[in-house]
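Engineer: Here the protein sequences come in this chain order: A, B, C and D.
Residues in the first sequence are numbered consecutively from 582, following my numbering.
Residues in the second sequence are numbered consecutively from 582, following my numbering.
Residues in the third sequence are numbered consecutively from 582, following my numbering.
Residues in the fourth sequence are numbered consecutively from 582, following my numbering.
There are 4 protein chains.
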Amino acid sequence: MIKNKLPEINGRIIKISVIGGAKCGKAVYDDAYKIGYCIAKNNAILVCGGLSGVMEACAHGAKDAGGITIGILPAEYESLANKYIDIKIPTGIGYARNVIVVKSGHAVIAIDGGFGTLSEIGYTLSYGKPLIAYQTWTLIPCASEYEPEIHIAKTPEEAVKKAIEHALYYVKNAVL
Amino acid sequence: MIKNKLPEINGRIIKISVIGGAKCGKAVYDDAYKIGYCIAKNNAILVCGGLSGVMEACAHGAKDAGGITIGILPAEYESLANKYIDIKIPTGIGYARNVIVVKSGHAVIAIDGGFGTLSEIGYTLSYGKPLIAYQTWTLIPCASEYEPEIHIAKTPEEAVKKAIEHALYYVKNAVL
Amino acid sequence: MIKNKLPEINGRIIKISVIGGAKCGKAVYDDAYKIGYCIAKNNAILVCGGLSGVMEACAHGAKDAGGITIGILPAEYESLANKYIDIKIPTGIGYARNVIVVKSGHAVIAIDGGFGTLSEIGYTLSYGKPLIAYQTWTLIPCASEYEPEIHIAKTPEEAVKKAIEHALYYVKNAVL
Amino acid sequence: MIKNKLPEINGRIIKISVIGGAKCGKAVYDDAYKIGYCIAKNNAILVCGGLSGVMEACAHGAKDAGGITIGILPAEYESLANKYIDIKIPTGIGYARNVIVVKSGHAVIAIDGGFGTLSEIGYTLSYGKPLIAYQTWTLIPCASEYEPEIHIAKTPEEAVKKAIEHALYYVKNAVL
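(1) If you check the beta carbons only, do Lys644(A) and Tyr614(A) fall under 8 Å apart?
(2) Who are the neighbours of Pro588(A) on chain D, taking C-beta pairs under 9 Å?
(3) Under 8 Å, do Ile653(D) and Ile670(D) count as touching if we go by C-beta distance?
(4) Please state the DSSP three-state secondary structure of Gly652(B).
(5) For a contact meaning CB atoms closer than 8 Å, what does Thr705(B) contact in chain C?
(6) Taking the straight line between their C-alpha atoms, what separation do you get for Ile721(A) and Ser725(B)?
(7) What is the residue span of the beta strand (DSSP E) that Leu699(B) lies within?
(8) List the residues of chain B that Tyr676(D) touches, going by C-beta distances under 8 Å, in chain order.
(9) Could you check which residue in Ile597(B), Ser633(B), Lys622(B) and Gly592(B) has the C-alpha nearest to that of Cys605(B)?
(10) Does the region 671 to 689 of chain A come within contact of the region 590 to 607 of chain A, defined as at least 3 CB pairs closer than 8 Å?
(11) Rank Pro729(B), Tyr676(B), Val689(B) and Ile674(B) by C-alpha distance to the C-alpha of Phe766(A) and give the top, closest one.
(12) Given a cut-off of 8 Å, decide if Asn679(A) and Ser700(A) are closer than it, judged by their beta-carbon atoms.
(13) Return helix, strand or coil for Ile594(D), following the three-state DSSP convention.
(14) Consult DSSP for Ala646(A) and reduce its assignment to one of helix, strand or coil.
(15) Are the CB atoms of Ile649(C) and Leu587(B) within a distance shorter than 8 Å?
(16) Would Glu657(C) count as contacting chain A if we go by Cβ distances under 8 Å?
(17) Just verifying my parser: in three-state terms, what is the DSSP assignment at Leu720(D)?
(18) Determine, using beta carbons only, whether Gly675(A) and Val635(A) come nearer to each other than 8 Å.
(19) Strictly by DSSP, which residues pair up with Cys629(B)?
(20) On the three-state DSSP scale, how would you describe Ile690(C)?
(21) Exposed or buried, what is Ala714(A) when buried is set at 16 or more other beta-carbons lying within 10 Å of its beta-carbon?
(22) By Cβ distance below 6 Å, which residues in the same chain neighbour His747(A) in space, the five residues on each side in sequence not counted?
(23) Since Ile649(C) meets chain B, which of its residues come closer than 8 Å, beta carbon to beta carbon?
(24) Could you tell me whether the Cβ of Ile616(C) comes closer than 8 Å to any Cβ of chain B?
(25) Chain D beta carbons: is any one of them nearer than 8 Å to that of Ile595(A)?
(26) With DSSP as the reference, label Leu661(A) as helix, strand or coil.
(27) Answer yes or no: does any C-beta atom of chain C fall closer than 8 Å to that of Val680(B)?
(28) Identify whether Ile681(B) lies in helix, strand or coil by the three-state DSSP scheme.
(29) DSSP has Ile670(A) in a bridge; who is on the other side?
(30) State buried or exposed for Thr719(A), treating a residue as buried only when at least 16 other CB atoms are found within 10 Å of its CB.
(31) In angstroms with no decimal places, state the Cα-to-Cα distance between Lys743(D) and Glu637(D).
(32) So Tyr750(B) is in the alpha helix (DSSP H); what residue range does that whole segment cover?
(33) From the DSSP output, read off the bridge partner residues of Leu712(A).
(34) Output, in chain order, the set of chain B residues within a Cβ distance shorter than 8 Å of Pro729(A).
(35) So which residues of chain C does Ser700(D) contact, with C-beta pairs closer than 7 Å?
(36) Which word fits Glu589(C), buried or exposed, when buried means at least 16 other C-beta atoms lie within 10 angstroms of its C-beta?
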């Protein structure tokens with residue numbers, strides 16, 4: 582019998598969500614590609630919103646590294662997913678699906694990103710999920726109790742390294 | 582026959598969404614109360630998340646001014662609404678309901694606010710809905726094309742004045 | 582100060598959800614109109630999906646009786662609501678909004694109805710919310726423990742009478 | 582480089598959703614197990630709601646056959662998934678997630694099932710997605726235009742055979 586196996590780290594399936602805009606320039610695309618590539622190389626599964634821009638770039642990288650990709654789509658149809666998505670989840674709930682992109686990862690990497698990404702950053706912080714920021718929004722809270730805990734990364738590789746460390750800690754310690 | 586009438590501005594039902602944290606200190610509560618009070622005084626309907634903190638404060642103010650309040654609740658049950666909510670919409674979809682809070686208003690006022698509020702600010706900007714900011718998050722984008730269009734208000738009264746102006750423009754001109 | 586007041590029964594705001602198809606013939610339209618009319622006459626608020634067919638008919642009736650109507654819309658935009666909807670809630674979550682239509686009422690009346698209505702009947706029964714059936718789906722369960730508790734009505738008037746009785750019982754006794 | 586590969590049929594990833602109750606007796610559990618087993622044996626991926634009862638049984642079968650399982654969870658946390666789920670999607674949107682269970686499969690098999698299953702059957706028919714029924718609800722519409730197109734199966738094996746045939750037709754011909 583063929584035994585299909587998903588990639589694992591220390592015997593656990595680790596999913597890393599990458600959030601970023603549906604439009605991006607070449608430099609951001611290249612960095613997002615590297616992030617996806619490193620995620621797959623490290624045996625984690627990529628979760629993203631499944632569309633264009635950063636979402637396509639990171640899925641592209643993950644597939645080139647032989648990884649598995651999951652796209653949580655806003656639309657009712659699979660056909661809107663980019664071609665690097667293996668597992669297409671067409672939610673049909675529009676951008677309310679941003680919550681699910683965040684919840685489905687054990688850590689979240691934000692890169693670049695527009696207003697939708699901002700909503701996802703808000704959700705990540707709300708749920709106390711590890712957030713790794715690479716060249717994305719800077720957030721200044723109105724009051725000190727809302728100082729967000731954000732892990733800044735200076736390179737795509739560092740972003741993935743931090744994400745996996747935090748994800749492993751999260752799956753071990755958090756109420757999942 | 583009794584003809585139930587909802588408040589209107591220029592013959593249109595105008596809904597203003599107020600977003601802010603479920604916890605807040607007295608100064609923020611008082612300001613949010615004033616925002617709710619002014620919304621009702623100006624014959625707009627208040628939409629909020631229906632829970633405690635800023636959500637309670639603005640609903641409290643709106644009811645004291647004789648207005649109508651709508652609470653878009655995360656839970657499956659009405660009983661979690663604060664006591665100033667007239668129309669309770671228990672969505673059961675958790676904090677994915679933040680999208681609906683934003684979508685249900687013709688303009689959005691952000692006051693104070695934590696991470697959930699940040700997700701709502703992201704959604705407001707995503708949908709191109711007028712956003713009035715009163716002592717809330719400061720956002721510095723990673724790239725100039727994401728410079729958010731935010732209308733800053735210096736007092737609760739100014740926040741409501743701007744919100745209603747923008748809401749009237751929005752219902753007249755936007756694809757609703 | 583003008584004190585806006587919503588209709589109440591015994592000092593409580595009672596909301597009745599009406600579910601049915603987006604397409605319907607004249608006989609069904611007339612019956613749905615009567616259901617909406619009676620709901621408003623009895624000082625309950627109508628909740629529906631906000632679109633055409635049965636949803637339009639019941640809202641039409643409710644407005645002719647001087648009532649208040651709420652439309653929980655699947656789309657991101659208000660403009661898709663029928664013209665009898667006072668309070669438009671554009672959820673943007675597509676037909677996942679069927680859950681919210683059901684949850685927002687204290688009792689649910691099903692009339693006629695297609696497959697979307699069937700999903701709403703399923704949700705109503707799942708949540709243990711009173712379901713009044715008037716000329717709608719007949720459901721034969723696969724096992725006796727799933728025998729649904731459905732209150733059959735023979736006229737639109739009887740449907741509303743039963744719905745309000747059950748709604749009053751529900752708000753008094755259920756965990757809301 | 583390790584190339585992770587998901588099971589495919591004719592070069593396409595085929596997902597079959599199984600819907601049924603969170604509680605079930607031994608006979609139903611055994612049949613749902615067989616359904617999951619056959620899905621995996623035929624190189625399709627199983628999608629289900631990720632909880633107990635039928636959802637556990639079919640995931641159990643799929644894993645015993647070396648397959649891949651996806652659980653679309655209502656809760657915010659992964660920990661509520663049954664132990665046979667590989668890819669846990671904690672949506673946090675409650676039973677509104679039923680829509681996503683249906684949308685994520687290329688065909689849907691209903692077995693046994695209570696009221697939640699009924700909502701999923703309604704959604705499956707709404708979206709024109711192939712529905713295979715094995716010992717589940719019998720539905721009698723109120724009008725002939727709502728006659729549902731349901732493919733009846735007499736054994737678990739037949740249910741899976743029909744589901745895969747219809748799924749292959751669906752991915753080839755439907756607007757995905």
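Where is the CB? At the ideal position from N, CA and C, for every residue including glycine.
These figures come from a predicted structure and were not determined experimentally.
Structural biologist: A quick look at the data gives this:
(1) Taking the first sequence and counting its residues from 1, one reaches residue 644(A) at position 63. Taking the first sequence and counting its residues from 1, one reaches residue 614(A) at position 33. No; because the gap between Cβ atoms is not below 8 Å, this pair is not in contact.
(2) Counting from one through the first sequence, the residue named residue 588(A) turns up at place 7. Neighbours of Pro588(A) on chain D, chain order: Ile583 and Asn585.
(3) What you label residue 653(D) is simply residue 72 of the fourth sequence in a count that begins at 1. What you label residue 670(D) is simply residue 89 of the fourth sequence in a count that begins at 1. Yes, the pair counts as a contact, with Cβ atoms nearer than the cut-off.
(4) Taking the second sequence and counting its residues from 1, one reaches residue 652(B) at position 71. It is a strand residue.
(5) Here residue 705(B) refers to the residue found at position 124 when the second sequence is read from its first residue. What Thr705(B) touches in chain C: nothing, since even the nearest Cβ is about 13 Å away.
(6) Along the first sequence, read from residue 1 onward, the residue named residue 721(A) stands at position 140. Along the second sequence, read from residue 1 onward, the residue named residue 725(B) stands at position 144. About 18 Å.
(7) For this step, residue 699(B) is matched to residue 118 along the second sequence. Careful: Leu699(B) lies outside any beta strand (DSSP E), inside the alpha helix (DSSP H) at Phe696 to Ser707.
(8) Within the fourth sequence, numbered from 1, the residue matching residue 676(D) stands at position 95. Neighbours of Tyr676(D) on chain B, chain order: Gly673.
(9) By one-based count along the second sequence, residue 605(B) stands at place 24. Minimum Cα distance to Cys605(B) is reached at Ser633(B).
(10) yes
(11) In the structure as shown, chain A begins at 582 and stops at 757. Residue 766(A) is therefore absent and cannot be evaluated.
(12) Here the question's residue 700(A) lines up with position 119 in the first sequence. Here the question's residue 679(A) lines up with position 98 in the first sequence. Going by C-beta atoms, Ser700(A) is nearer than 8 Å to Asn679(A).
(13) Taking the first residue of the fourth sequence as 1, we reach residue 594(D) at position 13. Coil.
(14) For the purposes of this step, residue 646(A) is taken as residue 65 along the first sequence, with counting starting at 1. Looking at Ala646(A) - three-state DSSP - the assignment turns out to be coil, as it is neither helix nor strand.
(15) Taking the first residue of the second sequence as position 1, residue 587(B) is located at position 6. Taking the first residue of the third sequence as position 1, residue 649(C) is located at position 68. In contact: Leu587(B) and Ile649(C) (Cβ atoms closer than 8 Å).
(16) Your numbering for residue 657(C) matches position 76 in the third sequence. By this cut-off, Glu657(C) is an interface position.
(17) For the purposes of this step, residue 720(D) is taken as residue 139 along the fourth sequence, with counting starting at 1. Three-state result, Leu720(D): strand.
(18) Translated into positions along the first sequence, residue 675(A) becomes position 94. Translated into positions along the first sequence, residue 635(A) becomes position 54. In this structure, Val635(A) does not lie closer than 8 Å to Gly675(A) by Cβ.
(19) Here residue 629(B) refers to the residue found at position 48 when the second sequence is read from its first residue. DSSP lists Gly652(B) as partners of Cys629(B).
(20) Here residue 690(C) refers to the residue found at position 109 when the third sequence is read from its first residue. Three-state result, Ile690(C): strand.
(21) Residue mapping note: residue 714(A) aligns to position 133 of the first sequence, counting from 1. Ala714(A) should be labelled buried.
(22) On the first sequence, position 166 is the one that residue 747(A) refers to. Contacts found: Ala688 and Pro711.
(23) The count along the third sequence starts at 1 and reaches residue 649(C) at position 68. Within 8 Å Cβ-Cβ: Asn585 and Leu587.
(24) On the third sequence, position 35 is the one that residue 616(C) refers to. No, because no Cβ of chain B sits closer than 8 Å to the Cβ of Ile616(C).
(25) As a working mapping, residue 595(A) is identified with position 14 in the first sequence. So, not an interface residue.
(26) Within the first sequence, numbered from 1, the residue matching residue 661(A) stands at position 80. In this structure, Leu661(A) counts as helix in the three-state DSSP scheme.
(27) Numbered from 1 along the second sequence, position 99 holds the residue referred to as residue 680(B). It does; some Cβ of chain C falls within 8 Å.
(28) What you label residue 681(B) is simply residue 100 of the second sequence in a count that begins at 1. Ile681(B) falls in the helix class under three-state DSSP.
(29) Translated into the one-based positions of the first sequence, residue 670(A) becomes position 89. Beta-bridge pairing links Ile670(A) to Ile653(A).
(30) By one-based count along the first sequence, residue 719(A) stands at place 138. Counting Cβ neighbours within 10 Å, Thr719(A) comes out exposed, since fewer than 16 surround it.
(31) Counting from 1 along the fourth sequence, the entry for residue 743(D) is found at position 162. Counting from 1 along the fourth sequence, the entry for residue 637(D) is found at position 56. The alpha-carbon atoms of Lys743(D) and Glu637(D) are separated by roughly 22 Å.
(32) Along the second sequence, read from residue 1 onward, the residue named residue 750(B) stands at position 169. Per DSSP, Tyr750(B) belongs to the alpha helix (DSSP H) from Pro737 to Asn754.
(33) Translated into the one-based positions of the first sequence, residue 712(A) becomes position 131. According to DSSP, Leu712(A) bridges with Val689(A).
(34) The residue you call residue 729(A) lines up with position 148 of the first sequence. Within 8 Å Cβ-Cβ: Phe696.
(35) By 1-based counting over the fourth sequence, the position of residue 700(D) is 119. In chain order: Ser700, Gly703, Tyr704 and Ser707.
(36) Here residue 589(C) refers to the residue found at position 8 of the third sequence. It counts as exposed.
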